[in-house]
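In my numbering, the protein residues as written are 3 to 355.
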């Protein structure tokens with residue numbers, strides 16, 4: 003009897019294979035929508051509103067500063083407008099905090115329902131498979147990765163939602179930058195490319211380690227169960243297996259830890275060096291903005307708006323790069339999830355049997 007399994011997956015190595023893993027993101031989003039359309043719409047609307055608050059706050063601050071400077075220079079200015087704008091900024095701060103709390107609430111509810119939805123689907127699909135499927139080590143390793151990563155999908159969903167909100171915020175902030183100096187946007191985008199490529203490479207290496215060590219991690223779980231379970235305590239003591247189980251667990255852990263530590267050190271050193279590029283680009287642009295302000299081309303309010311928008315845009319772009327790297331890494335585990343769902347039993351019952 004031949005079991006119908008998807009082709010055994012290997013850790014993706016080429017950029018094409020890495021990008022193909024992202025194809026699993028839309029099906030995952032459809033699963034989220036199926037979990038609760040109402041909560042999905044709520045989080046989208048709330049995040050869209052939240053993305054507008056940063057640029058609105060910066061713009062109001064610019065107007066306040068310009069009015070204050072005009073007042074100090076004894077130029078015509080509506081002083082009452084200053085207080086109205088200050089009250090408006092206060093309301094924006096309250097509104098931003100309120101929407102943020104509602105986003106946390108909705109995401110928590112949606113995450114709980116999604117975890118339950120995926121877990122039930124996993125159990126239902128596992129029940130539909132032949133018993134011999136579970137004797138296939140390739141299939142069993144895949145199922146183990148899926149089982150371990152079920153709750154981790156919440157982090158990915160939060161990252162995707164946060165990236166969507168950050169992208170809308172970035173667009174609104176860059177609209178202010180483009181209004182004054184469009185070329186600054188090109189400089190900032192170009193500076194982030196090396197960071198993205200480097201982080202993506204190390205994310206793939208990290209997945210490769212987790213992929214290769216799936217059997218060892220499963221063995222570690224089994225050894226921990228044998229060594230610290232009331233069901234096996236009697237046999238462990240009778241046959242004197244305690245030291246063997248401990249030594250075997252220690253050797254497996256050290257192998258995994260050593261390789262993971264080596265990669266973590268390389269990633270930290272590489273990230274420190276490559277981060278000089280976007281940091282240098284940011285402060286170079288910052289210096290040019292200051293020069294333009296000293297030349298009288300920008301008001302104090304304009305300078306505050308530009309610096310604030312540019313600084314936040316840079317931080318958001320770094321966050322988007324990190325988020326995209328994390329999503330591309332998690333997309334590989336999503337591939338395991340959908341590969342598991344594609345596994346079909348060799349023997350099926352007739353529809354009306």
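All residues carry an ideal CB built from backbone N, CA and C; glycine is no exception.
Check                                                                                                           : Outcome
Supposed contact pair residue 277 and residue 197 - C-beta distance, whole angstroms, cut 8 angstroms           : 7 angstroms
Assumed close pair residue 104, residue 170 - CB separation to whole angstroms, cut-off 8 angstroms             : Wrong, their Cβ atoms sit about 17 angstroms apart, outside the cutoff.
Proximity of residue 38 and residue 112 at Cβ, strictly below 8 angstroms                                       : yes
C-alpha gap between residue 283 and residue 299, whole angstroms                                                : 21 angstroms
Given 8 angstroms, three or more beta-carbon pairs between the stretch 332-345 and the stretch 120-128          : yes
Cutoff 7 angstroms; reference residue 5; Cβ partners in own chain excluding five residues on either side        : Its pLDDT being 40, under 50, residue 5 is placed unreliably by the model, and nothing is read from it.
Nearest-angstrom beta carbon gap, residue 280 and residue 193 [assumed within contact, 8 angstroms]             : 4 angstroms
Where residue 345 sits in the DSSP three-state scheme                                                           : coil
Cα-Cα separation between residue 358 and residue 63, rounded to whole angstroms                                 : Because the chain in this structure spans residues 3 to 355, residue 358 falls outside the shown range and cannot be described.
Local conformation of residue 299 per DSSP, three classes                                                       : coil
Segments assigned alpha helix (DSSP H), at least 4 residues, entirely inside the stretch 248-297                : 278-296
Local Cβ density within 10 Å of residue 53, reported as buried at 16 or more and exposed below that             : buried
Same chain, Cβ closer than 8 angstroms to residue 28, neighbours up to 5 away in sequence not counted           : none
First and last residue of the uninterrupted alpha helix (DSSP H) at residue 208                                 : 185-214
Backbone CA spacing between residue 245 and residue 258 [nearest angstrom]                                      : 20 angstroms
Beta-carbon proximity check, residue 147 vs residue 216, cutoff 8 angstroms                                     : yes
Given residue 269 as reference, the closest of 33, 289, 116, 202 once Cα atoms are compared                     : 202
Three or more C-beta pairs below 8 angstroms linking the stretch 86-95 and the stretch 57-76                    : yes
CB-CB length for residue 175 against residue 311, believed under 8 angstroms                                    : 5 angstroms
Selected residue, minimal CA-CA separation from residue 324, among 195, 237, 70                                 : 195
Limits of the alpha helix (DSSP H) - the one that residue 89 falls within                                       : 81-130
Residue 14 to residue 291 span [Cα, whole Å]                                                                    : Note that residue 14 scores a pLDDT of 48, beneath 50, so its modelled location is shaky; the value from the coordinates is reported in the next line. Whole-angstrom Cα-Cα distance: 43 angstroms.
Euclidean distance between Cα positions of residue 336 and residue 223                                          : 22 angstroms
Sequence-distant residues of its chain with Cβ nearer than 7 angstroms to residue 221 (five each side left out) : 254
Backbone CA spacing between residue 10 and residue 140 [nearest angstrom]                                       : Legend: pLDDT at residue 10 = 44, less than 50; position of this residue unreliable, no value from coordinates given.
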